[in-house]
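Enquirer: What follows is a structure written as structure tokens; I'll ask about it next.
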Amino acid sequence: MEEAKEIVNNIQKGSVSPLYFLMGEEPYYIDRISDFIAQNLLAEEEKGFNQIIMYGRDTNIDEIVSNAKRYPMMAERQVIIVKEAQDLSRSIEKLVDYAENPQPTTTLVFCYKYKSLDKRKKLSKVLKKSGILFESKRLYENQVADWIMKTLKARNYTISPKAAQMLVEFLGIDLGKIDNELNKLQLITPEGTQITPELIEQNIGISKDFNNFELRKAIGMRDSLKAHRIVNYFAQNPKDNPMVVTISLLFSYFSQIMQYHGLPDKSKANVAKQLKVHPYFVGDYIAAAKNYPMKKVSQVIGLLHESDVKGKGVGAVNISHGDLLKELMVKILN
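Going by this note's numbering, the sequence shown opens with residue 1, and the numbers climb by one from there.
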């Protein structure tokens, strides 16, 4: 997020706010900003007396404000970081008085994860004037692959579109978890390297051939042999390939194919924009749409819903998820 980069850049330039309120559903940027402040605002010899870590569950607003109002010892400023500040949500509006006139020699940081302030209330408005109010929003699944590419580019690496999609499908939208895996890959590969499906398979444990990405592609191409091989692999490794994830991804895939059928402008650029996919994959959707007319797509979506219900135990007693997926493949590819 550009806003997070701007906050860090401003701090590096010496423009430090007395109050940072970091909130939102995505904890990754909240952690990155607060960690940067903790590591860089004070010299190591200043931290012992002037850097305090507090936890929302163990403190209250009055105690935080009392600490914030004291003066630093043998340093220009003190730093107070309140972690798990969301535990103070019931009393957080009591911060208004301090926020209106924050101590200039204190940098007070609130890590208010998984929640956001009510922007209609006074605290939110005051924070915008006297401090930094930052909201870290979760990315949609279709945005994460681009985030991976941009993150690696900033670190002088590249990644193939397929490899990026493999990470998203295996790790989900948890940016912290994805970043940990990227860091592991960086440790074993030199700068300038392209991250490939082979590297991911060897070092993260995601199969480059037997995954949901390859299953969708096989189904789209009506490659029955490959689709059944992948589903058989899923049936043998159910813990690593939960049926609920496969059904969800297939539902998204066929919903996109249905959307494609309804597009009046089927140019590559417009398809990528409307389906929210990387241009690299547009050809796959065009081919899949030829193999699955609108009527068949509607039928497949119905089959996916039926399998999802069965997977939850409704109308399918003592049938394994692997067998349900095999049955689903036969019906889709028939």
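Ideal placement from N, C-alpha and C gives every residue a C-beta, glycine not left out.
1. Give the DSSP-derived three-state secondary structure of residue 139 in the structure shown.
2. Quick check on this structure: which residue in 65, 114, 61 has the alpha carbon closest to the alpha carbon of residue 88?
3. With distances taken Cα to Cα, identify the nearest neighbour of residue 287 among 246, 218, 234.
4. State the DSSP-derived secondary structure class of residue 217, mapped to helix, strand or coil.
5. What residue does the beta strand (DSSP E) around residue 54 start on, and which one ends it?
6. In the DSSP assignment, what are the bridge partners of residue 110?
7. Identify, in the order they occur along the chain, each residue of the same chain with its Cβ nearer than 6 Å to the Cβ of residue 110, setting aside the five sequence neighbours on each side.
8. Counting Cβ pairs, one atom from each stretch, are 3 or more of them under 8 Å apart for the stretch 175-191 and the stretch 215-232?
9. How many angstroms separate the CA atom of residue 294 from the CA atom of residue 309?
10. Out of 134, 169, 121, 69, which one is the CA nearest neighbour of residue 245?
11. Would the C-beta of residue 326 count as close to the ligand ADP, meaning under 8 Å from any of its heavy atoms?
12. Is residue 194 helix, strand or coil by DSSP?
13. Between the stretch 39-56 and the stretch 148-156, do three or more beta carbon pairs fall short of 8 Å?
14. Measuring CB to CB, does residue 326 end up less than 9 Å from residue 231?
15. Quick one: measure Cβ to Cβ for residue 68 and residue 108, integer angstroms, because I've assumed they're closer than 8 Å.
16. Please return the same chain residues whose Cβ sits closer than 6 Å to the Cβ of residue 51, not counting the five positions on each side in sequence.
17. Could you pull out every residue in the same chain whose Cβ sits closer than 7 Å to the Cβ of residue 203, ignoring the five residues on either side in sequence?
18. Where do the ends of the alpha helix (DSSP H) carrying residue 29 lie?
19. Between 77, 65, 139, 281, which has its C-alpha nearest residue 45's C-alpha?
20. In this structure, does DSSP put residue 210 in helix, strand or coil?
21. Can you give the Cα-Cα distance for residue 332 and residue 314, rounded to whole angstroms?
22. Tell me the DSSP secondary structure of residue 7 in three-state form.
23. Would you kindly report the start and end of the unbroken alpha helix (DSSP H) that includes residue 233?
24. Determine, using beta carbons only, whether residue 97 and residue 65 come nearer to each other than 9 Å.
25. I need the DSSP call for residue 158, collapsed to helix, strand or coil.
26. Where residue 136 and residue 129 are concerned, what is the direct C-alpha to C-alpha distance, given to the nearest angstrom?
27. Could you name each continuous alpha helix (DSSP H) segment of 4 residues or more that falls completely within the stretch 255-293, going from the start of the chain to the end?
Expert: Once the coordinates are examined:
1. coil
2. 61
3. 218
4. Residue 217 carries a helical assignment under DSSP once its states are collapsed to helix, strand and coil.
5. 51-55
6. 21, 82
7. 21, 82, 85
8. no
9. 23 Å
10. 169
11. Among the ligands in the structure shown, none appear at all, so the ligand ADP cannot be discussed.
12. strand
13. Look at the beta carbons and you see the stretch 39-56 not touching the stretch 148-156: under three pairs across the two are nearer than 8 Å.
14. Yes, they are a contact pair.
15. 5 Å
16. 42, 79.
17. Within the same chain, residue 203 has close Cβ partners 184, 185, 188.
18. 27-40
19. 77
20. coil
21. 20 Å
22. helix
23. 224-236
24. yes
25. strand
26. Their Cα atoms are separated by approximately 19 Å.
27. 268-275, 282-291
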